[in-house]
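Student: Heads up: the protein sequence lines correspond to chains F and G, in order.
If you count the first sequence from 1, position 271 lands on 271 in full-length UniProt numbering, and the numbers rise without skipping.
If you count the second sequence from 1, position 253 lands on 253 in full-length UniProt numbering, and the numbers rise without skipping.
I'd like to ask some things about the structure below.
2 protein chains.
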Amino acid sequence: MTTEGQHAARRVELIEVSPRDGIQNEKVVLSTDDKLELLRRIHAAGLRRTEATSFVSPKRVPQMADAEAVMAGARAEPGHAALIGLVLNQAGFDRARAARCDEINVVVVASETFSRKNQGAGIADMVAAASAILAQSREAGIPASVTIAAAFGCPFEGEVPAAKVLGLVESLLPARPDEIAFADTIGCGVPTQVRELLAGAKALDAGMRLRCHFHNTRSTALANVLAAVEAGVHALDSSIGGFGGCPFAPAATGNVATEDVVYLLERMGIDTGVDLQMLIDTAGWLGDRLGHPPMSGLARAGRFPAAA
Amino acid sequence: MTTEGQHAARRVELIEVSPRDGIQNEKVVLSTDDKLELLRRIHAAGLRRTEATSFVSPKRVPQMADAEAVMAGARAEPGHAALIGLVLNQAGFDRARAARCDEINVVVVASETFSRKNQGAGIADMVAAASAILAQSREAGIPASVTIAAAFGCPFEGEVPAAKVLGLVESLLPARPDEIAFADTIGCGVPTQVRELLAGAKALDAGMRLRCHFHNTRSTALANVLAAVEAGVHALDSSIGGFGGCPFAPAATGNVATEDVVYLLERMGIDTGVDLQMLIDTAGWLGDRLGHPPMSGLARAGRFPAAA
Numbered sequence: 001m002t003t004e005g006q007h008a009a010r011r012v013e014l015i016e017v018s019p020r021d022g023i024q025n026e027k028v029v030l031s032t033d034d035k036l037e038l039l040r041r042i043h044a045a046g047l048r049r050t051e052a053t054s055f056v057s058p059k060r061v062p063q064m065a066d067a068e069a070v071m072a073g074a075r076a077e078p079g080h081a082a083l084i085g086l087v088l089n090q091a092g093f094d095r096a097r098a099a100r101c102d103e104i105n106v107v108v109v110a111s112e113t114f115s116r117k118n119q120g121a122g123i124a125d126m127v128a129a130a131s132a133i134l135a136q137s138r139e140a141g142i143p144a145s146v147t148i149a150a151a152f153g154c155p156f157e158g159e160v161p162a163a164k165v166l167g168l169v170e171s172l173l174p175a176r177p178d179e180i181a182f183a184d185t186i187g188c189g190v191p192t193q194v195r196e197l198l199a200g201a202k203a204l205d206a207g208m209r210l211r212c213h214f215h216n217t218r219s220t221a222l223a224n225v226l227a228a229v230e231a232g233v234h235a236l237d238s239s240i241g242g243f244g245g246c247p248f249a250p251a252a253t254g255n256v257a258t259e260d261v262v263y264l265l266e267r268m269g270i271d272t273g274v275d276l277q278m279l280i281d282t283a284g285w286l287g288d289r290l291g292h293p294p295m296s297g298l299a300r301a302g303r304f305p306a307a308a
Numbered sequence: 001m002t003t004e005g006q007h008a009a010r011r012v013e014l015i016e017v018s019p020r021d022g023i024q025n026e027k028v029v030l031s032t033d034d035k036l037e038l039l040r041r042i043h044a045a046g047l048r049r050t051e052a053t054s055f056v057s058p059k060r061v062p063q064m065a066d067a068e069a070v071m072a073g074a075r076a077e078p079g080h081a082a083l084i085g086l087v088l089n090q091a092g093f094d095r096a097r098a099a100r101c102d103e104i105n106v107v108v109v110a111s112e113t114f115s116r117k118n119q120g121a122g123i124a125d126m127v128a129a130a131s132a133i134l135a136q137s138r139e140a141g142i143p144a145s146v147t148i149a150a151a152f153g154c155p156f157e158g159e160v161p162a163a164k165v166l167g168l169v170e171s172l173l174p175a176r177p178d179e180i181a182f183a184d185t186i187g188c189g190v191p192t193q194v195r196e197l198l199a200g201a202k203a204l205d206a207g208m209r210l211r212c213h214f215h216n217t218r219s220t221a222l223a224n225v226l227a228a229v230e231a232g233v234h235a236l237d238s239s240i241g242g243f244g245g246c247p248f249a250p251a252a253t254g255n256v257a258t259e260d261v262v263y264l265l266e267r268m269g270i271d272t273g274v275d276l277q278m279l280i281d282t283a284g285w286l287g288d289r290l291g292h293p294p295m296s297g298l299a300r301a302g303r304f305p306a307a308a
């Protein structure tokens, strides 16, 4: 049956962010071997792009201190997903290029206060820095996406108007990113916002690949996934087990869980190419290593219908 | 902005089920006074219909043993929401009528196995019993709704085809219920199912009031709420704090949390008439009494934007 609002999307790409956003704020620092095992499991489950690590200060983010070793180990695997390195500045990009990331992802923040606290620079400076990195990445032949953080709301400034976020998109387009992602960093977004941002971005550049990054902090993540998929989003970030909180969102649950997204989409007839049971098993495995249980519905309640 | 799929609903009615579905499986048996305090808080928050209790065997459901006392106490309050009594059989209806419920809700189950395990009778017998109760309720001038449980899936039989659920709707229509509710008893439903059931029910009786009852077991509850509201549902069940699991869905989270529903809808510009902060406060109060914290995003993470 097709009803209004139910679009013809038959496949959505999932980008697995557990190796970076999922674990970066966890107290337990995973060994490089455990990170490589996680990346192996991600590939085995059918996920074909993953945010493998970030090239940031090891003093600020100790969990990511072994970024180069993770990249080297993951690249040595006979099969692996496209390995995305997150970068925040020129130094990070230089490291990511040297480590031979398959893709890079650069971040700008949609609120001035959050940008200064998180990145140490205001929006205009970060757009200039991101644009310079995007140009170098293009020159080096490395696909590059840009994530607009706090695109649905800011922990310091409150509401972030869609017009402001779309203004940022416009200012980034001359640098020709391969993909633009809207991130609900603190998990406050609702479907009307998702629709407004995606429609607005399409109006600015009909050919741009669009991606969304949701957190389930206020239980709205799968409603936002539904709205995004039906508004024609190309890709979604998600994190096995639902791990990954924002340090500015206290007591928050984490990223939307990959297994919950796969359950929703597959049961709606939308292909993800991912093995649900392997995700659930990996959520449990990762929870054991991190010392607390996964936060996904599927890891708690199991599949439906029960596996044969 | 209006995009495809975003309908013009500007108000949705919420039916608060914490006093019945929310607490019936909790280990801690609340005092009658605590139940009356919960009902006072429900009314004060702006909720105007509530499943106040159920008239079932106190041996089977000890939490509901004081149904008559709860009804008497709640009716004595200067202001109270419409008090709905859940009934499963003739004896329950007789008690609900004697206790002067403002409404009754009768249940049938969409799967034969679940019906026999939960109600002790098969579907056909339950439809006949429900129809007899609906007729008596109409005669007595008591509004009556019917809930179709396991309408999105069964813990024993697995998938429940929409055609089967809509067949049940058809068999109940001659008894002229005032409202029909589709319940995702074990929290396995997805938005395509919501749309198919609501569109199918409208096709059978365009004037029928339709209601949905979701559980967040597999994190899909707010996606289902979104689909239901945009498909024109009249009312939604929800439970403060997200309390209330199904005994057949082990380790499940509970009913969709009222505060999460209100957050989603109000932020999308859909009026609920409910005070979000009072819900969050009541979720904490109820959690203290039940001995475990609420399971809602809003109770964990707080409002956004932060209250002034």
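Cβ coordinates follow ideal geometry from the N, Cα and C atoms, glycine included.
(1) Express the C-alpha separation of F:A201 and F:G207 in angstroms, rounding to a whole number.
(2) Taking C-beta pairs closer than 9 Å, name the residues in chain C that F:D66 reaches, listed in chain order.
(3) Determine, using beta carbons only, whether F:A301 comes closer than 7 Å to chain G.
(4) I need the straight-line Cα distance from G:E139 to G:V108, nearest angstrom please.
(5) So, using beta-carbon positions, are G:M268 and G:A45 closer together than 7 Å?
(6) To the nearest angstrom, report how far apart G:V165 and G:A199 are at their CA atoms.
(7) Less than 7 Å between C-beta atoms, sequence neighbours within five positions excluded: which residues of the same chain meet that for F:G291?
(8) Quick check for students: name the residue ranges of the beta strand (DSSP E) that lie wholly in the stretch 153-213 of chain F, counting only runs of 3 or more.
(9) With distances taken between CB atoms, is the gap from F:R95 to F:F55 smaller than 7 Å?
(10) How is the beta strand (DSSP E) around F:E51 delimited, first residue to last?
(11) Between G:S238 and chain F, is the shortest Cβ-Cβ distance under 7 Å, so that the two count as touching?
(12) Hey, does F:S219 have any beta-carbon neighbour from chain G nearer than 7 Å?
(13) Provide the residue(s) that pair with G:N255 in DSSP beta bridges, ordered along the chain.
(14) Go ahead and label G:K59 buried or exposed: buried means 16 or more other beta carbons lie within 10 angstroms of its beta carbon, across all protein chains shown.
(15) Just to confirm, are F:E68 and F:I84 a CB contact at a threshold of 7 Å?
(16) Would F:C188 pass as an interface residue toward chain G - the criterion being a Cβ-Cβ separation below 7 Å?
(17) Alpha carbons only, please: which of F:G242, F:G273, F:I180, F:E266 is nearest the one belonging to F:T258?
(18) How long is the line joining the alpha carbons of G:R116 and G:D125, rounded to whole angstroms?
(19) Quick one: does F:A223 have its CB under 7 Å from some CB of chain G?
(20) Using the rule of at least 16 other Cβ atoms within 10 Å of the residue's Cβ for burial, across every protein chain shown, is G:S219 buried or exposed?
(21) Roughly how many whole angstroms lie between the Cα atoms of G:L168 and G:L134?
(22) Since F:N216 meets chain G, which of its residues come closer than 9 Å, beta carbon to beta carbon?
(23) By DSSP, does F:V28 sit in helix, in strand, or in coil?
(24) Give the DSSP bridge partners of F:V106, in chain order.
(25) By alpha-carbon positions, which one of F:G92, F:T53, F:N89 ends up nearest to F:R75?
(26) By Cβ distance below 6 Å, which residues in the same chain neighbour G:V106 in space, the five residues on each side in sequence not counted?
(27) Can you tell which of F:A65, F:R41, F:T50 has the C-alpha that lies nearest to the C-alpha of F:S31?
(28) Counting Cβ pairs closer than 8 Å, one from the stretch 259-266 of chain G and one from the stretch 177-192 of chain G, do we hit at least three?
(29) Beta-carbon separation of G:L210 and G:V233 under 7 Å?
(30) To which residues does DSSP link F:S137 through a beta bridge?
(31) Tell me the residue span of the alpha helix (DSSP H) that contains F:I280.
(32) Got a sec, what are the start and stop residues for the alpha helix (DSSP H) G:A76 sits in?
(33) Going along the chain, which residues of its own chain have a beta-carbon closer than 6 Å to the beta-carbon of F:L38, five neighbours each way excluded?
(34) Would you kindly check if the distance between the Cβ of F:E13 and the Cβ of F:T50 is under 7 Å?
(35) Name the one or two DSSP bridge partners that F:I15 has.
Tutor: Taking the geometry as given:
(1) Computed Cα separation, rounded: 10 Å.
(2) Among the protein chains of the structure shown, namely F and G, there is no chain C.
(3) Yes, contact with chain G.
(4) One C-alpha to the other measures close to 21 Å.
(5) No, Cβ-Cβ distance for G:M268 and G:A45 is not below 7 Å.
(6) Cα to Cα, G:V165 sits roughly 12 Å from G:A199.
(7) Once the five neighbours on either side are set aside, the close Cβ partners of F:G291 are V28.
(8) Segments of the beta strand (DSSP E) lying fully in the stretch 153-213 of chain F: 179-183, 209-213.
(9) Closer than 7 Å, so yes.
(10) For F:E51, the uninterrupted beta strand (DSSP E) segment begins and ends at 49-55.
(11) It does not: the Cβ of G:S238 has no partner Cβ on chain F nearer than 7 Å.
(12) Yes, F:S219 counts as interfacial toward chain G.
(13) Paired residues: G:H215.
(14) By the 16-neighbour rule on beta-carbons within 10 angstroms, G:K59 is exposed.
(15) Going by C-beta atoms, F:E68 is not nearer than 7 Å to F:I84.
(16) Look at F:C188: its C-beta is under 7 Å from a C-beta on chain G.
(17) The candidate whose alpha carbon is nearest that of F:T258 is F:G242.
(18) Taking the straight line joining both Cα atoms gives about 10 Å.
(19) Taking Cβ atoms only, chain G reaches closer than 7 Å to F:A223, which makes this a yes.
(20) Counting the other Cβ atoms within 10 Å of the Cβ of G:S219 gives 16 or more, which makes it buried.
(21) Taking the straight line from one Cα to the other gives about 15 Å.
(22) Going along chain G in sequence order, the residues near F:N216 (Cβ under 9 Å) are S219, G297.
(23) If DSSP states are grouped into helix, strand and coil, F:V28 belongs with coil.
(24) Here F:V106 is bridged, per DSSP, to F:V87, F:V146.
(25) For the residues F:G92, F:T53, F:N89, the minimum Cα distance to F:R75 belongs to F:T53.
(26) If we look at G:V106 and ignore the five residues flanking it on each side, its Cβ neighbours are V87, A130, I133, V146.
(27) Nearest option by C-alpha distance: F:A65.
(28) Remark: fewer than three beta-carbon pairs, one from each stretch, lie closer than 8 Å, so the stretch 259-266 of chain G and the stretch 177-192 of chain G are not flagged as touching.
(29) Yes, these two residues count as a Cβ contact at 7 Å.
(30) Looking at the DSSP assignment, F:S137 forms no beta bridge with any residue, so it has no partner.
(31) Residues 276-290.
(32) Looking at the DSSP string, G:A76 is not in any alpha helix (DSSP H), and its letter there is neither H nor E.
(33) Counting only Cβ-Cβ distances below 6 Å, and skipping sequence neighbours, we find P19.
(34) No, Cβ-Cβ distance for F:T50 and F:E13 is not below 7 Å.
(35) Its beta-bridge partners are F:R49, F:D237.
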